[in-house]
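Trainee: Sharing a structure, written as structure tokens. Questions coming.
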Amino acid sequence: MIELFIARKKSRHIQLDFLMFTTFAELVLGLIRLWMVLSATTTGNINLYEEPFISTLVRWFGVSFTVLSYVSILGFWAERVSSENKKNIEDNIRVNELLLEREALITNLLKANKTTATGALSASIAHELNQPLGASNLNIQFLRMKLDKGLLSSDIGKEVLDALEFDNNRAATIVRSLRSLFTEGESRAQEHDLAYLISSVLDIVKPELNARQIQIQLRVEEGLLIEVSSSEIEQVILNLLNNAIQSLASIKASLRTIVIEAYRDGNSVHFSICDNGSGVSTQFRQSLFELLNTTKKSGMGLGLWLCKHIVTRYGGVIWYEDAPGGGAQFHFKLPIAG
Ligand code: ADP
0 MIELFIARKK SRHIQLDFLM FTTFAELVLG LIRLWMVLSA TTTGNINLYE
50 EPFISTLVRW FGVSFTVLSY VSILGFWAER VSSENKKNIE DNIRVNELLL
100 EREALITNLL KANKTTATGA LSASIAHELN QPLGASNLNI QFLRMKLDKG
150 LLSSDIGKEV LDALEFDNNR AATIVRSLRS LFTEGESRAQ EHDLAYLISS
200 VLDIVKPELN ARQIQIQLRV EEGLLIEVSS SEIEQVILNL LNNAIQSLAS
250 IKASLRTIVI EAYRDGNSVH FSICDNGSGV STQFRQSLFE LLNTTKKSGM
300 GLGLWLCKHI VTRYGGVIWY EDAPGGGAQF HFKLPIAG
């Protein structure tokens, strides 16, 4: 009864109140019966077969209250289990809602990061697009002039058409690469050749590399298939390349180099990008992949965090190493497809 008293103080329950009552009734009935049996016994031996009727009745009442006690204990536990279950279900729903919210936030971050990453390159991309468009315009004018004068030979015609086709392809390649980066619907994983994804990103970044006189060394194996969303892995490569380009700003133009490697490593595809820029300081290294960590004035500290999120989502790993000759070297590994 003391235990019950303490339990009731902690939480008020109708079952506990009832259990208190039945336990108290059992105690009273037990005491009554003890008194009856003792007062009916004259010899000093208690004979249960000759128990008076009224004492037997009290005994059965006692048993009934014991049964009721067990019923209330069961009721108490059943109610607790069901309320715990209800709480668990509510918690699960809340956790799912939070996970969905997190996914939506990450999707928005991915979009924001794509816009920022390409925004930084927009001047060089516009310049690169302008060049073939300007050249095409000149070629068209030249063709028209020759036609008007009736001087168009088949050799000249073919030459001008080839130039037009070349310029058209150059512009189309950049637009295609940009479109593939911004594709919305293609977030589900499909088999892609890593070499193709790297060259798509290079198409976007090439004007910037040329403008900053950065040498690119490519050692990429063909046929490295990974099962990913192309736009997401392109975004990872673009972020790493952009960081490498920015880190080379303080290096003498003639020395600026970025090395990109990709090869098969057991059941994984290994990608690495190495620059000979400033590298990452020892203190900053621990928190390199954390959100909102940046050393740049206009940086957001989003890029590397997103890279890690995307790579781990596909069962891969991403890490940093100091480049052999100074500078930074970022690596990621992804499972090979198939
Ligand atoms: P942000 O570029 O907006 O700063 P990131 O997450 O892409 O965000 O990068 C975080 C930080 O990591 C950068 O501010 C920079 O200090 C460091 N970092 C990333 N890549 C390189 C690199 N290739 N060389 C030197 N530092 C780098």
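Going by numbering that gives the first Met the number 0, the sequence shown opens with residue 0, and the numbers climb by one from there.
Idealized CB from N, CA, C, for every residue including glycine.
1) At a cut of 8 Å, does the stretch 286-302 reach the stretch 246-262 through at least three beta carbon pairs?
2) In chain order, which beta strand (DSSP E) runs of at least 3 residues are fully inside the stretch 256-319?
3) What does Lys-189 pair with, by DSSP beta-bridge criteria?
4) Any idea if Lys-113 is buried or exposed, counting beta-carbon neighbours within 10 angstroms, 16 or more meaning buried?
5) Considering Cα atoms alone, identify which of Glu-226, Val-36 and Thr-115 is closest to Lys-332.
6) For the alpha helix (DSSP H) that contains Lys-8, what are its first and last residues?
7) At a cut-off of 7 Å, would you count Lys-110 as near ligand 1, judging by its Cβ distance to the nearest heavy atom?
8) Once the 5 residues before and after Ala-261 are set aside, which same chain residues still bring their CB inside 8 Å of it?
9) Taking Glu-25 and Gly-61 to be in contact with their CB atoms under 8 Å, please state how far apart those CB atoms are, rounded to whole angstroms.
10) Three or more beta-carbon pairs under 8 Å between the stretch 198-205 and the stretch 154-163, yes or no?
11) Helix, strand or coil for Ile-335? Go by DSSP, reduced to three states.
12) Drop a sphere of 10 angstroms on the beta-carbon of Trp-304, count the other beta-carbons inside from all chains shown, and report buried for 16 or more, exposed for fewer.
13) Would you report the Cα separation of Gly-302 and Glu-100, rounded to the nearest angstrom?
14) Considering Leu-217, what are the terminal residues of the beta strand (DSSP E) in which it resides?
15) Would you report the Cα separation of Leu-239 and Gln-285, rounded to the nearest angstrom?
16) Considering only C-alpha positions, which residue in the set Asn-84, Met-144, Tyr-319 and Asn-107 is nearest to Glu-231?
Mentor: On the basis of the supplied data:
1) The stretch 286-302 makes no contact with the stretch 246-262; the number of CB pairs closer than 8 Å stays below 3.
2) Segments of the beta strand (DSSP E) lying fully in the stretch 256-319: 256-264 and 267-274.
3) In the sequence under discussion, the amino acid at residue 189 is Gln, which differs from the Lys named in the question. Note: Gln-189 sits in a beta bridge opposite Val-227.
4) By the neighbour-count rule (16 or more Cβ atoms within 10 Å), Lys-113 is buried.
5) The residue with the shortest Cα to Cα distance from Lys-332 is Glu-226.
6) Unbroken alpha helix (DSSP H) run through Lys-8: 1-9.
7) For Lys-110, the distance from the CB to the nearest heavy atom of ligand 1 is not below 7 Å.
8) Closer than 8 Å at the Cβ level, and outside the excluded window around Ala-261, lie Leu-193, Ala-194, Ile-197, Arg-218, Val-219, Glu-220, Leu-223, Val-268, His-269, Phe-270 and Ser-271.
9) With 8 Å as the limit, Glu-25 and Gly-61 qualify as a contact, their Cβ atoms being about 6 Å apart.
10) Two segments are said to touch when three or more pairs of C-beta atoms, one from each, lie closer than 8 Å; by this definition the stretch 198-205 does not touch the stretch 154-163.
11) In this structure, Ile-335 counts as strand in the three-state DSSP scheme.
12) Around the beta-carbon of Trp-304, 16 or more other beta-carbon atoms lie within 10 Å, marking it buried.
13) Rounded to the nearest angstrom, the gap between the Cα atoms of Gly-302 and Glu-100 is 20 Å.
14) Boundaries of the beta strand (DSSP E) around Leu-217: 214-219.
15) Here the alpha carbon of Leu-239 sits roughly 18 Å from the alpha carbon of Gln-285.
16) For Glu-231, the nearest C-alpha among the options comes from Asn-107.
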